[in-house]
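For the record, the sequence lines run as chains A and B. Heads up: the first sequence begins at 355 in this note's numbering, then just goes up one per residue. Heads up: the second sequence begins at 391 in this note's numbering, then just goes up one per residue. To start, the structure under review is shown below, and the notes come after it.
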Amino acid sequence: MTYSSILIQFLNGLASASSLFLVAAGLSLIFGVTRIVNFAHGSLYMLGMYVAVGLAGQIGFWWSVPLAALAVAGFGALVEALLLRRIYGAPELLQALATFALVLVVKDYTLWQWGPEDILGPRAPGLDGAVTIAGNRFPEYDLFLIAFGPLVLAALWLLLKRTRWGTLVRAATQDREMASALGVNQRWLFTSVFTLGACLAGLGGALQIPREPATLLIDLSVVVDAFVVVVIGGLGSIPGAFVAAFLIAEIKAFCIGLGYSTLTLVIEFIVMAVVLVIRPWGLFGRKPVLPRGPGAIERPLTPPSRTVIAALVAVTAALALLPLAYGGYTLVLMVDILIFALFAVSLHFIMGPGGLHSFGHAAYFGLGAYGAGLLAVRAGAPMEVSLAFAPLLAGLGALVFGWFCVRLSGVYLTMLTLAFAQIIWSIVFQWDDFTGGSNGIVGLWPAPWLASKTAYYYLTLVSCVAAIALLWRVLYSPFGYALRAARDSPTRADAIGMDVRQLQWAGFAVAGLFAGIAGALYAFSKGSISPETMAVSRSVDGLVIVLLGGIQTLTGPVWGAALFTWLQDTMARNIDYWRAVIGAVILLLVLAFPQGITGFVAERLEQRRT
Amino acid sequence: MLEVRGLNAGYGPAKILFDLALKAAPGEVVVLLGRNGAGKSTTLKSIMGLLRLHAGEVTFEGRRIDRLPTYRIARLGLGYVPEDRRIFTDLTVMENLEVGRQAPRADAPHWSPERLFTLFPNLGRMQDRLGGRMSGGEQQMLTIARTLIGNPKAVLLDEPSEGLAPVIVEQMAQTILEMKKSGLCVLLCEQNLHFAHLVGDRAYVIEKGHLRYSGSMAELERDDAVREQFLSV
Ligand SMILES: Nc1ncnc2c1ncn2[C@@H]1O[C@H](COP(=O)(O)OP(=O)(O)O)[C@@H](O)[C@H]1O
Ligand SMILES: [Mg+2]
């Protein structure tokens, strides 16, 4: 690389850093004060893009930018006041789930309003030319962006340091309970912070339209980038977000400049993983103050009563008889439900009793699926052998990644699990020769004796029921109790001689192994697999199922899987805007049952008993 | 001015307080005594609305406050100084005070920064110091100043003498007497009987969440049995 091309790549990086910073700053502010992990932040960015593209035709680009930012800010204020305000008391993950539901709703709204095609934005009038820098042409608009990022940083800095509002925000970021005991009205503070964050996201999106077309796929990719930036910078730190945005954007720019553009899919996650391992609270973050006030005391996981066991046996028996009455599509759907029930139970195992909130469980499902596919297609192993050994690959993956993950806690742990899942995903996605890249692996067929729908159904039924029963059994073994003790009181567990990390590590690996069984069964049931198998959305599906079912219940994940899989299947076949419907259903459920459905039922039953 | 009746509260399924009743009047220092874990801090948190009550009522100036959000309670003029200080360590002394600032009240003593800095000369000399860079004693002064600048009518103090050097404990006692003199109602949690004697007018003693004794500080001083049973370690 010559000096001039290094300079150009550096400037490219700076221009990208600016809009990344805008999104990340808003996300960081919102998280700092409200402790909400706002998955919808990328959707706000996407809305900013679409609104600006829509308006630019009528009022010109320069007016469309502030108007789009304001419109998104207004939307953010509404979301905060109507939705988030009702769930600040709910468990952290349920809040994240609600914002994820919002992602689905916003996506379908955008699809409905602006259509499925990407929309090219206008150029910025007055800045549509290029200047010559060190012999290379460089867009004027990008120079403007380079200057804009630091300006916003300065403005935010003044706002936070020089105004009463800023002082209150910083106080609430550190200890919001104490702030309210001093008379600070959190509601108003939360609404204003969320509105500002939304405004920044909308602004970031609107400013991006001369550089990139507006697309429906931008929401998740932006929010994931923004998370990475916020986590690297340190949650709640604005300067941290700025430095991290700069770092990530530059690294990406140089990957492209040096001809390793495929590396951009994964490099930020590698950087994040490295940062988290070295500095578990990000570059500018500090060890979070332990949760204040009445800590949430998890309800104990009581062993299932005789009635519950009898009911479970009855359900299993009914499932065993099912092929007598139904065939074809019902069996296919039931296979899906069983597989996702096992997937969800394994996720629940590590999230509920294990207390490790994984956002990347799909990685182990996917490793199981790819393990099976690769053994069968690349190694030519018989299906039975592939099925038996594939889960070990998932277990091995969980063993390796788990070692890092159990060293962190809270949101940082969650983000690291996501990072690892993304790393695996992008390896699979890019390694064309071995994994088939984006096309995946096709032609995975069960052995002849298992080829009929009924036979495969029985295989799945037996495997899943046995695996689920085994996992549940483990929960009531000494290991299971120790896992819960480690979750509820790590210091005390440590004091009585339990190795908390070791326990959690083992739990993580077990959960990965069982997710791998589900993945392997999935691969042969579909006949083909693709990187989709382990995409973020699958991890999120798992979370939705577990949270819907109720995280501190035993059988919740199974009912959640049945309901969710059935709902998704029915909707996808019958309704155009099924994502929005699912999002709306999730939102309603979260609002109505902040403890999950099974948790809700259990609570009612308990009340009736006392 | 502040009255608690039939208070039951706890954390999740764990019940901590049982049918507590307390009263405190303006210009009075009422001490809530009890061993570690007796439920003193929990009582203050319940009054402040930081904990949902299982049963009972709390009135402040004749008005029910047990259903109000914490910030509303604070704005009615009830100040709270928590046991672990909870200084905003990222904020400077002046910024910490800014968070606690409220408009002056006609019927409560007014505390301007100047007046607070005469009461706590140390703080006046370190206005731009970050909260996290202060000694324990200085932080304790700051939490009290941060509450007083909200111009409260009554203050809940949770073990302000804990972990302080004897000289500073002395100073703390003076501060509380100063607050009393200005007409504030003070409800003070203590384990340290000596400190309680320095400042208290009346005392309540709780044990495992139950009220065991109430009477004047002077009477408690004479009542060896109560002290022996509920307070000695
Ligand atoms: N956040 C909490 N969650 C659960 N239990 C708590 C919590 N805080 C205090 N407790 C329990 O409540 C009881 C009373 O505590 P506390 O009110 O702090 O006592 P004191 O202030 O008198 O020392 C103790 O048994 C303590 O273990
Ligand atoms: Mg206490």
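Even glycine gets a Cβ: it sits at the ideal position worked out from N, Cα and C.
What is the C-beta distance between residue i and residue j, in whole angstroms, given that I count them as a contact (C-beta under 8 Å)?
i         : j         : result
TYR399(A) : VAL433(A) : Going by Cβ atoms, the distance from TYR399(A) to VAL433(A) rounds to 14 Å, so no, they are not a contact pair.
PRO707(A) : LEU829(A) : 6 Å
GLY590(B) : LEU577(B) : At roughly 10 Å, the Cβ-Cβ gap does not stay under 8 Å, so GLY590(B) and LEU577(B) are not in contact.
LEU507(A) : PHE596(A) : 5 Å
GLU568(B) : LEU509(B) : 6 Å
ASP579(A) : GLU622(A) : 7 Å
VAL523(A) : VAL547(A) : 6 Å
ALA775(A) : MET888(A) : 7 Å
Given this structure, state the Cα-to-Cα distance separating residue i from residue j, to the nearest angstrom.
i         : j         : result
TYR594(B) : GLU580(B) : 10 Å
VAL620(A) : LEU692(A) : 32 Å
LEU610(B) : ILE596(B) : 13 Å
PRO564(A) : GLY414(A) : 12 Å
GLN784(A) : SER436(B) : 57 Å
ARG475(B) : GLN540(A) : 20 Å
ASP548(B) : GLY469(B) : 11 Å
LEU588(B) : GLU418(B) : 13 Å
ARG927(A) : LEU921(A) : 10 Å
GLY558(A) : GLN492(B) : 36 Å
ASP690(A) : LEU875(A) : 9 Å
LYS461(A) : THR618(A) : 25 Å
VAL576(A) : GLY396(A) : 5 Å
GLY590(A) : THR527(A) : 7 Å
LEU383(A) : THR549(A) : 11 Å
LEU728(A) : GLY611(A) : 33 Å
GLY520(A) : LEU543(A) : 10 Å
PHE833(A) : ALA668(A) : 28 Å
LYS405(B) : PRO745(A) : 46 Å
ALA674(A) : LEU443(B) : 50 Å
Would you mind stating whether residue i and residue j have Cβ atoms separated by less than 7 Å?
i         : j         : result
GLY469(A) : VAL407(A) : no
ALA915(A) : ALA773(A) : no
VAL545(B) : LEU513(B) : no
LEU456(A) : LEU901(A) : no
THR771(A) : PHE713(A) : yes
CYS553(A) : ALA427(A) : yes
PRO658(A) : LEU837(A) : no
GLY866(A) : LEU798(A) : no
ILE558(B) : GLY521(B) : no
LYS543(B) : GLY467(B) : yes
SER700(A) : PHE868(A) : yes
GLY599(B) : GLY429(B) : yes
PRO911(A) : HIS702(A) : yes
GLU473(B) : SER525(B) : no
ALA498(B) : ASN541(B) : yes
ALA422(A) : VAL405(A) : yes
GLY490(B) : LEU687(A) : no
ALA369(A) : ASP496(A) : yes
Report all residues from its chain with a CB closer than 7 Å to the CB of residue i; omit the five preceding and five following residues, and keep chain order.
i         : result
GLY647(A) : Because the pLDDT at GLY647(A) is just 35, under 50, the model does not fix this residue reliably, and the value given afterwards should be weighed accordingly. Counting only Cβ-Cβ distances below 7 Å, and skipping sequence neighbours, we find GLU531.
GLY489(A) : SER358
Which same chain residues, not among the five before or five after residue i, have their C-beta less than 6 Å away from its C-beta?
i         : result
LEU747(A) : LEU721 and GLY725
SER534(A) : GLN540
LEU807(A) : Correcting the residue type first, residue 807(A) is Lys in the shown sequence and not Leu. Counting only Cβ-Cβ distances below 6 Å, and skipping sequence neighbours, we find LEU685.
GLY402(B) : none
TYR680(A) : none
SER884(A) : GLY794
For residue i, collect the residues of the same chain with a Cβ closer than 8 Å to its Cβ; drop the 5 residues on either side in sequence, then sort them by chain order.
i         : result
LEU859(A) : Note that residue 859(A) is Trp in the sequence shown here, rather than Leu. Around TRP859(A): LEU753, GLY756, TRP757 and VAL760.
MET438(B) : THR460, ILE463, ALA464, LEU468, TYR470 and LEU546
PHE918(A) : PHE694, ASP895, VAL898, ILE899 and LEU902
Is residue i close to chain E? Criterion is C-beta to C-beta, closer than 7 Å.
i         : result
GLY639(A) : Among the protein chains in the structure shown, which are A and B, there is no chain E.
**Request:** For the segment 398 to 443 of chain B, list the beta strand (DSSP E) runs that are entirely contained and at least 3 residues long, ordered along the chain.
**Result:** 404 to 414 and 419 to 423
**Message:** List, from N- to C-terminal side, the beta strand (DSSP E) runs of 3 residues or more that fit wholly inside the segment 462 to 490 of chain B.
**Reply:** 468 to 471
**Item:** Within the segment 779 to 844 of chain A, ranges of the alpha helix (DSSP H) (whole runs, at least 4 residues)
**Value:** 786 to 789, 807 to 829 and 832 to 842
**Request:** Could you tell me which uninterrupted alpha helix (DSSP H) segments, each at least 4 residues in length, are contained entirely in the segment 547 to 603 of chain B, listed from first to last along the chain?
**Result:** 556 to 571 and 583 to 589
**Message:** At 4 residues or longer, what runs of the alpha helix (DSSP H) sit wholly inside the segment 482 to 555 of chain A?
**Reply:** 494 to 516 and 518 to 535
**Asked** Counting only runs that start and end within the segment 708 to 771 of chain A, where is the alpha helix (DSSP H) found for 4 or more residues in a row?
**Response** 716 to 731 and 737 to 759
**Item:** Complete alpha helix (DSSP H) runs within the segment 870 to 927 of chain A (minimum length 4 residues, chain order)
**Value:** 890 to 903
**Message:** For a minimum of 4 consecutive residues, which ranges assigned as the alpha helix (DSSP H) are wholly contained in the segment 556 to 593 of chain A?
**Reply:** 572 to 587
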